[in-house]
Amino acid sequence: MAAMESEGTVVLCDACHHEIQLPVAPLRPHSQAVMARVRERYVPSAYERSSLLASISQAEEEVLRLLPDITRLEGVVTVVAASLDKLRKHKEVLDNHIAAQNSLLYSPIRALPAELLSLIFSYVSFSFEDRTTEDMQTLPRGMDRDALNISQTCIFWRNVSLSMPLLWTSISINIDTTDIAACGALPVYLRRSHKKPLHVNIYHTRPPNFPKEPKDTERTRSAISSSLIPQSNRFRTLRIFGCDPFFNETLNMNNLFTLGLYDLAPIQHWEEFIWLESIGSRCTLELAHHARSKGIQCLDEEFYDRIDELFLREHTPFDALWILSEFSCVDHLDLEIEDGHCNSLKSTVLGMVSDLALPKLESLYITSHTADTYGCVIEVEDPITQFLQKVTAPCLRFLRLDCDEDNTWLHSDFIQFLAQSKIHSQLETLQFFGPALTEDELIETLAMLPGLVSLTVCERRESPIITEKVLSRLTFHSGGINLLPSLKELSFTMEHVLDRPGLIVETIASRLNPPPTASMTPLLKFDLEWRHQSIDPGVLSQLRGMQSDGLLGEIVETCSLGNSSGCRICEDDGDDN
C-alpha cells in the first residue's frame with residue numbers, strides 16, 4: 032500500500048486507486064473573541080444567531096460526508112492490523128525454529144549423556160539443601176521449583192528428571208509467599224519422588240492475630256499441610272523457620288533423621304510443636320537463634336531423650352546450658368556461642384545455672400565468635416571456658432575448640448574441665464583452632480592426655496603456639512619421658528616462621544619408627560598447612576620424602592608470593608624484601 036496526496040485528494044491504494052476527498056480549506060478555528068463570549072453569559076443577537084445556525088449546519092453536513100470514509104478506513108486498518116499480527120506470529124515461529132536448530136547444532140549440553148546430566152541435575156536441585164532464613168524468604172513464588180523447571184525444558188530432560196526420584200525429594204516452601212495456585216506443584220513433587228525419603232524446608236511467620244490467620248494464608252497453609260501430613264512418615268529431614276506450620280496437627284515421623292528449628296517465635300499455645308512428640312526414632316536436632324524465651328520448652332521428656340546429636344547456633348553460654356539441661360542424653364554436641372560478654376556474666380552463669388552432667392556425650396565441637404558490642408569497649412571473658420567449667424562429660428572422646436582471633440582464653444578453666452570430667456586417659460581426639468594458648472599451656476595440656484590418638488593445632492598469627500619448645504617436647508627421646516605415646520595422627524597449621532624449621536622434620540622422623548620397646552605408637556599421618564612463607568623449602572622437600580616412604584597426609588601451602596590469592600600479609604612481606 033502507498034499513500035499519494037494531491038490538492039484535496041488522497042489515493043489510498045496503488046492497486047484499487049481508491050480515493051478520499053479532504054476539505055481544501057478546513058474550518059477556521061474560533062477567534063479568541065468568540066471563545067471569550069462562550070465563557071461569558073453572552074446572548075447572541077438575532078443576526079448572530081442566524082450566522083451561527085448556518086455554520087452549525089455546514090459542519091454537520093461535512094460530518095455526514097466524512098462518516099462513510101471513516102468507516103471504510105477503519106475496515107482497512109483492521110485488515111492491516113490483522114495482517115501485521117499474522118506476519119509477526121509467523122516471524123516468531125521462524126525465530127523459534129532457528130533457535131531450536133542452532134541449539135541442536137551448537138548446544139554442548141545436548142551432547143551430554145543421561146548419566147552426566149543426572150549428576151548436574153542433582154547438584155542444581157540440592158545446591159540449597161542447607162538453606163538459611165534469607166534463602167527461604169526469597170523463594171520465587173514461595174517454592175523451590177528447580178526440579179520442575181528442569182523437567183519442562185525439553186522432552187529429553189523431562190525423561191531424565193522423571194527417571195530420578197531423588198531429584199524430587201528436596202522440597203522448600205515459604206507459606207507466607209506461596210499463592211494457592213502454586214500449591215499444585217507440591218503433589219507433583221510428592222508423586223514423582225516415588226516414596227523416597229523427603230527433605231523438607233518450611234518457612235512460616237506468625238500472623239498478628241494468632242492463632243487465627245488471614246484467609247488466603249490459611250488456605251495456603253491448609254493446602255500444604257493436607258499434602259505433607261500424609262507423607263510425614265517419609266520425612267528424613269525437616270527444617271522449620273519461624274513458627275509452627277502444623278499447628279494442632281498430628282504427624283507420623285518414625286523415620287526422621289534430622290530436625291531443624293530456626294528463628295523460632297516464642298511459643299504462645301501449648302498445642303504448638305506438640306506434633307514433635309510423634310518422632311519415633313533417635314535423631315539430630317539443629318537449633319539456631321534459640322533463646323530461653325523461645326521454642327520447645329514444654330514438650331514431653333520422651334522428645335528430649337530421642338535427640339542423640341544436638342547443634343546449637345548463636346547462643347550465650349547461659350542459654351546453651353539452659354537448653355542442654357533438657358537434652359542430657361545427647362552423644363554429640365556442636366555448639367556455637369558468642370564471645371563479647373562482660374565479666375559480670377561469669378558470676379551470673381555460676382550463680383544461676385547448676386553444674387550440668389552429660390553422661391553420654393562422646394564428641395563436642397565448640398565455636399565462639401565475637402558478639403556485637405555496639406561500639407562499647409568492654410573487658411570480655413572466653414565463652415568456651417565459661418561453658419566448660421559448668422559441664423562434666425565423663426565419656427568424652429572427641430573435643431574440638433574453635434575460637435576467633437579476638438578470643439580470650441582461660442587455660443585454668445580448661446584444665447579444670449579435663450580434671451572434673453576425668454577424661455585424661457580416654458580422650459582420643461583434640462583439635463585446637465585458635466585458642467590463645469601459650470607454648471607452656473599447650474605442653475601442660477598434652478602432658479595430661481596420654482591416650483590421645485589425633486592432635487590438630489591451628490595457630491593464629493598473633494599467638495603462635497607451634498614453637499621450637501613444643502616440637503622438641505613432641506620429639507621422641509629414647510629413655511626419656513615422651514608426650515602423647517599413642518599419637519597416630521598429627522596436624523599443624525602454621526602462621527609464623529620458626530628459627531629452627533628443621534625441628535619439624537626431626538619431630539616427625541622420630542615418631543615414624545620408634546623402637547619396639549619404647550611403648551610408642553608409630554605416627555601414621557601428618558598434615559601440614561603453612562601460610563605466609565613460614566616453612567623453609569628444604570624442610571618441605573624432606574617431609575615430602577617421608578610421604579613417598581609411606582607417611583599419609585597432605586602438605587599444603589595456602590598462600591605465598593607466587594600464589595597469595597590476595598593475601599595482604601604475604602604481599603607486605605614481599606614488599607619489605
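In terms of the working numbering, the sequence shown opens at residue 32 and continues consecutively. Yeah, the Cβ is synthetic: ideal placement off N, Cα and C, and Gly gets one too. Just so we're clear, the structure is a prediction, and the values are computed from it rather than from any experiment.
Quick one: grab the DSSP three-state call for F342.
strand
Cβ contact check for the segment 149–157 and the segment 212–220: 3 or more pairs under 8 Å
no
Terminal residues of the continuous beta strand (DSSP E) containing A319?
C314 to A319
On the DSSP bridge list, what partners appear for S522?
T487 and D558
What is the DSSP secondary structure of I206, reduced to helix, strand or coil?
coil
May I have the straight-line CA-CA distance separating T398 from D126, to the nearest angstrom?
57 Å
6 Å CB neighbourhood of T268 in its chain, flanking five on each side removed:
H230 and T289
Buried or exposed: Q314, going by 16 or more other Cβ atoms within 10 Å of its Cβ?
Here residue 314 turns out to be Cys, not Gln, going by the sequence shown. It is buried - the Cβ of C314 has at least 16 other Cβ atoms within 10 Å.
Give the range of the alpha helix (DSSP H) segment to which D580 is assigned.
From DSSP, D580 is part of no alpha helix (DSSP H); its letter is neither H nor E.
How is the alpha helix (DSSP H) around E588 delimited, first residue to last?
Careful: E588 lies outside any alpha helix (DSSP H), inside the beta strand (DSSP E) at I586 to E588.
Measure from the alpha carbon of L480 to the alpha carbon of each residue in Q457, R491, L468 and H225, then state which is nearest.
Q457
Using a 10 Å radius around the Cβ and a threshold of 16 neighbouring Cβ atoms, would you call I368 buried or exposed?
buried
Express the C-alpha separation of L98 and D89 in angstroms, rounding to a whole number.
It should be pointed out that residue 89 corresponds to Gln in this sequence rather than to Asp. About 15 Å.
Given this structure, state the Cα-to-Cα distance separating L352 from F418, to the nearest angstrom.
7 Å
Can you give the Cα-Cα distance for Y73 and L95, rounded to whole angstroms?
30 Å
Is K22 buried or exposed, if buried means 16 or more other CB atoms sit within 10 Å of its CB?
Past the edges of the chain, shown from 32 to 608, lies residue 22, and the structure says nothing about it.
Within the same chain, show all residues whose beta-carbon is closer than 8 Å to that of G106, passing over the 5 residues directly before and after it, in chain order.
none
Shortest alpha-carbon distance to G291 belongs to which of Q578, T163 and E520?
T163
Per DSSP, what kind of secondary structure is H235 in: helix, strand or coil?
strand
Alpha helix (DSSP H) containing D177: first to last residue?
D177 to S182
In this structure, does DSSP put V536 in helix, strand or coil?
helix
For F464, does the three-state DSSP call read helix, strand or coil?
strand
Beta bridge counterpart(s) of I255 as assigned by DSSP
BP columns for I255 are empty, so no partner.
Can you name the start and end residues of the beta strand (DSSP E) that L430 belongs to?
F429 to C434
Of the residues V528, R542 and E499, which one's Cα is nearest the Cα of S509?
R542
In terms of residues, what are the limits of the alpha helix (DSSP H) holding I474?
E470 to A478
Going by beta-carbon coordinates alone, are L461 and L430 separated by less than 9 Å?
yes
Note down the Cα distance separating E393 from K453, rounded to an integer number of angstroms.
13 Å
Delimiting residues of the alpha helix (DSSP H) encompassing F349
P348 to L355
Proximal residues to Q183 (C-beta, below 6 Å), its chain only, five neighbours per side dropped:
none
Beta-carbon proximity list for V408, same chain, < 8 Å, skipping 5 on both sides:
Caution is warranted here: a pLDDT of 47 is assigned to V408, below 50, making its placement in the model unreliable, and the coordinate value is therefore given only provisionally. Cβ neighbours of V408 beyond the five flanking positions: none.
Beta-carbon proximity list for E36, same chain, < 6 Å, skipping 5 on both sides:
Here E36 scores only 49 on pLDDT, less than 50, and its place in the model should not be relied on; the value that follows carries that caveat. Taken in chain order, the list of residues that qualify is empty.
So, is A212 buried or exposed, given that buried needs 16 or more other C-beta atoms within 10 angstroms?
exposed
Could you tell me which residues DSSP puts in a beta bridge with T289?
T268 and T315
What is the rounded straight-line gap between the Cα of L521 and the Cα of N513?
15 Å
Can you tell me whether DSSP reads L441 as helix, strand or coil?
coil
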